[in-house]
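Residue numbers (the working numbering): 133 to 258. Structure first, commentary second.
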């Protein structure tokens with residue numbers, strides 16, 4: 133979608149599939165010169181530490197390739213599990229819906245291109 137990649141995870145990922153997603157997504161960022169990645173995990177009902185690390189890795193690799201990452205649609209049980217596992221996904225913005233996630237990505241990209249890569253959300257600076 134323009135300079136943004138939209139990834140929708142429709143199933144609970146097992147380890148090999150998660151690694152493939154990570155590799156494919158990084159290649160697509162590089163190939164398309166994407167400036168943002170939106171990962172929709174609304175269909176994911178459970179998450180383990182490996183999958184949490186994969187999402188964190190995707191965000192880190194995206195930043196290295198000059199792209200921002202936003203995760204959307206996280207179910208409460210998934211958020212609780214990530215916190216309990218000690219994987220708060222630092223540096224990964226989140227939103228409840230794809231529309232809100234796209235808005236966050238666009239604002240992050242605009243600020244970065246304008247020389248200010250911080251974003252204020254709910255009174256906090258990211």
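Just so it is clear, CB atoms sit at the ideal spot from N, CA and C, and this is done for glycine as well.
- Non-local C-beta neighbours of residue 200 in its own chain, meaning closer than 8 angstroms and more than five positions away in sequence, comprise 167, 168, 169, 194, 225, 237, 240, 241 and 244, ordered along the chain.
- Counted as a single uninterrupted DSSP element, the beta strand (DSSP E) harbouring residue 136 occupies residues 136-140.
- Boundaries of the beta strand (DSSP E) around residue 172: 168-172.
- The DSSP assignment places complete alpha helix (DSSP H) segments of no fewer than 4 residues inside the stretch 181-253 at 181-196, 208-216 and 230-245, in order along the chain.
- Contact check for residue 144 against residue 177 passes: the beta carbons are separated by less than 8 angstroms.
- In this structure residue 206 is buried. Its beta-carbon is surrounded by 16 or more other beta-carbon atoms within 10 angstroms.
- The beta carbon of residue 213 sits closer than 6 angstroms to the beta carbons of 179 from its chain, once the five residues preceding and following it are set aside; these are given in chain order.
- Taking a C-beta distance under 8 angstroms as the contact criterion, residue 150 and residue 183 qualify as a contact pair.
- Per the coordinates, the alpha-carbon of residue 159 lies some 30 angstroms from the alpha-carbon of residue 209.
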